[in-house]
Amino acid sequence: YRDVDVIISMTHLPPKINKPKISGVPFITGNKIEDAKKELLRLLKN
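Numbering (the working numbering), first residue to last: 7 to 52.
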């Protein structure tokens, strides 16, 4: 996980992982997927 820009995870990650995190739930369920996509793009652009 050290060489990644963002982490998409279905579970909570420990605080020691100091990377931007996005919930993977919207990508599985489709619920609030547009918000998740926007957040992912925002994080990748920065």
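Beta carbons are placed, not taken as given, at the ideal position from N, Cα and C, and that holds for glycine.
Candidates the options, of which the one nearest residue i by Cα
i, options, result
"Pro32", "Asp11, Ala42, His18 and Arg48", "Ala42"
Contact belief for residue i with residue j at Cβ below 8 Å, rounded distance in angstroms
i, j, result
"Lys22", "Tyr7", "Actually they do not touch by this definition, with Cβ atoms about 10 Å apart."
"Val10", "Ile28", "Not a contact, Cβ separation roughly 12 Å."
Segment limits, alpha helix (DSSP H) that includes residue i
i, result
"Lys44", "Ile39 to Lys51"
"Ile23", "Ile23 -> no alpha helix (DSSP H), and no H or E assigned at all."
"Val140", "As shown, the chain starts at 7 and ends at 52. That puts residue 140 outside it, with no answer to give."
"Thr17", "No alpha helix (DSSP H) contains Thr17, which DSSP labels as neither H nor E."
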